[in-house]
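These notes are about the structure you will find just below.
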Amino acid sequence: MAITQPSKRSKSDAFSAEAPDAKPAPKLRGKRQPLTFTLPPDLIAEIDAVAAAEDRSRAKMIEIGMRQFVQNYNRRQAA
Amino acid sequence: MIVIVGNTTGGTGKTTRADQIALAQQIAGRAVLLIDVDRQGSAQNAATMRAEAGRMTPLACVRLADGRQLRAQLSPLAGKHEDTIIDAGGRDSEALRVALLRSDLPVLPIQPRAVDVWALSDIADLIDRAQEAREDEGREQLRVLAVLYLADPGDNRATVDIVEALSGFPQFTRATAIRVAPEGREQQPHSSKAVEKIEQLIDNLFNVPEVVNGNHTAIEAK
Numbered sequence: 001m002a003i004t005q006p007s008k009r010s011k012s013d014a015f016s017a018e019a020p021d022a023k024p025a026p027k028l029r030g031k032r033q034p035l036t037f038t039l040p041p042d043l044i045a046e047i048d049a050v051a052a053a054e055d056r057s058r059a060k061m062i063e064i065g066m067r068q069f070v071q072n073y074n075r076r077q078a079a
Numbered sequence: 080m081i082v083i084v085g086n087t088t089g090g091t092g093k094t095t096r097a098d099q100i101a102l103a104q105q106i107a108g109r110a111v112l113l114i115d116v117d118r119q120g121s122a123q124n125a126a127t128m129r130a131e132a133g134r135m136t137p138l139a140c141v142r143l144a145d146g147r148q149l150r151a152q153l154s155p156l157a158g159k160h161e162d163t164i165i166d167a168g169g170r171d172s173e174a175l176r177v178a179l180l181r182s183d184l185p186v187l188p189i190q191p192r193a194v195d196v197w198a199l200s201d202i203a204d205l206i207d208r209a210q211e212a213r214e215d216e217g218r219e220q221l222r223v224l225a226v227l228y229l230a231d232p233g234d235n236r237a238t239v240d241i242v243e244a245l246s247g248f249p250q251f252t253r254a255t256a257i258r259v260a261p262e263g264r265e266q267q268p269h270s271s272k273a274v275e276k277i278e279q280l281i282d283n284l285f286n287v288p289e290v291v292n293g294n295h296t297a298i299e300a301k
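As given, the protein sequences belong to chains A and B, one line each in that order. Here the first sequence is numbered in our numbering, starting from 1 and rising by one per residue. Here the second sequence is numbered in our numbering, starting from 80 and rising by one per residue.
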């Protein structure tokens, strides 16, 4: 069985991390967070119709839509 | 070449020096980038105003928000330029520390005044710790150039005090002095004295070998 050493912070990392204004890097992955927001009833009905057709949940369809929105936005910004 | 202009105290002429070094290298035909990582953003503002005024070739300048961004962006940005000059601001910050870890030539502007003397031990401590971390990664030792700015020649107590104080810090391997506040080459009316001082600074920065063991005989407040 392989023995893994605990990761050791380098002197450089420690030096810069100890600056008065240093902040830990935000974690990009982790526990999903619940959000509460409102949508107009007609849009909810359309999302539900698509979700039913795709055999997915309402939340999953909203997530897919949000991901596409962010990707398209970033693509436009980069162009 | 990555040059960092920084200190742990404000108002020592860091942005002006960074701007002048960047412009001087650009005029010399080098591909230069100025990185402004100071919260005030004065270097970025100056570069923008200079470009809007149609002054010679616009200076490429980007502003990064903090040390995290500098750590992430420095290599790809510096890799596309012959000289990268970083205005790291006037406080102990993550950006200043990252720049000390990654730069080839740190420039430390100081003025002959009490607050700058008091701050020498702070920046010297940071330089020591940066040297230690660099050694750990097999990087070259820092060759710090202290630039004594607005130094009066002759019997001036404040200038004598700071020269004496500098000699007590072996971290500052080289030192030079600028008597006047040198304006840019584009200043009207044109000041040949100012141009001479900027050229002296550039020469000392890139061409003069270091003075070791805290021997600062190279300081001449001409």
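Quick reminder that beta carbons are idealized off the backbone N, C-alpha and C, glycines included. Fair warning: this is a prediction, and the values are worked out from it, not measured in the lab.
Is it buried or exposed for residue i, if we count other Cβ within 10 angstroms and need 16 for buried?
i              : result
V194 (chain B) : exposed
N294 (chain B) : Residue placement at N294 (chain B) cannot be trusted, given a pLDDT of 41 that sits under 50; what the coordinates show is reported in the next sentence. The residue is exposed, with fewer than 16 neighbouring Cβ atoms inside 10 Å.
P84 (chain A)  : Because chain A here runs from 1 to 79, residue 84 (chain A) falls outside it and cannot be looked at.
Y228 (chain B) : buried
E173 (chain B) : buried
L35 (chain A)  : exposed
R129 (chain B) : buried
K93 (chain B)  : buried
L199 (chain B) : buried
What is the DSSP secondary structure of residue i, reduced to helix, strand or coil?
i              : result
N86 (chain B)  : strand
R67 (chain A)  : helix
A254 (chain B) : strand
L35 (chain A)  : coil
N292 (chain B) : Reliability of the predicted coordinates at N292 (chain B) is poor, the pLDDT of 39 falling under 50, and the value obtained from them is presented with this limitation in mind. In this structure, N292 (chain B) counts as coil in the three-state DSSP scheme.
Chain A partners of residue i, CB-CB under 8 Å?
i              : result
L187 (chain B) : What L187 (chain B) touches in chain A: nothing, since even the nearest Cβ is about 17 Å away.
A116 (chain B) : Before going further, note that residue 116 (chain B) is Val rather than Ala in the sequence given. Simply none; closest approach about 11 Å.
G146 (chain B) : S16, A19, D21, A22
Could you list which residues in chain A have their beta carbon closer than 9 Å to that of residue i, in chain order?
i              : result
E216 (chain B) : S10, K11, S12
V111 (chain B) : Residues of chain A passing the Cβ test: none, with the nearest at roughly 25 Å.
L69 (chain B)  : Absent from the structure is residue 69 (chain B), since the part of chain B shown begins at 80 and ends at 301.
Q212 (chain B) : Contrary to the premise, residue 212 (chain B) reads as Ala rather than Gln in this sequence. Those within 9 Å of A212 (chain B) in chain A are S10, K11, S12, D13, A14, F15, S16.
L180 (chain B) : S12, F15, S16
In chain A, which residues lie less than 7 Å from residue i when you measure between Cβ atoms?
i              : result
E173 (chain B) : S16, A19, D21, A22
R208 (chain B) : F15
V84 (chain B)  : Those do not exist, as V84 (chain B) stays about 17 Å from chain A at its closest Cβ, beyond 7 Å.
R176 (chain B) : F15, S16, A19
Between residue i and the ligand FAD, is the CB less than 7 Å from at least one heavy atom?
i              : result
I100 (chain B) : You won't find the ligand FAD in this model; it holds no ligand whatsoever.
### Length-filtered (4 minimum) alpha helix (DSSP H) runs lying within the stretch 116-180 of chain B
121-131, 146-157
#### Entry: Against chain D: residues of the stretch 16-34 of chain A by CB proximity under 9 Å
Going by chain labels, chain D is absent from the structure shown, which instead holds the protein chains A and B.
### Task
Jot down the residue ranges of each uninterrupted beta strand (DSSP E) in the stretch 185-238 of chain B, minimum 3 residues, whole runs only, in chain order.
224-228
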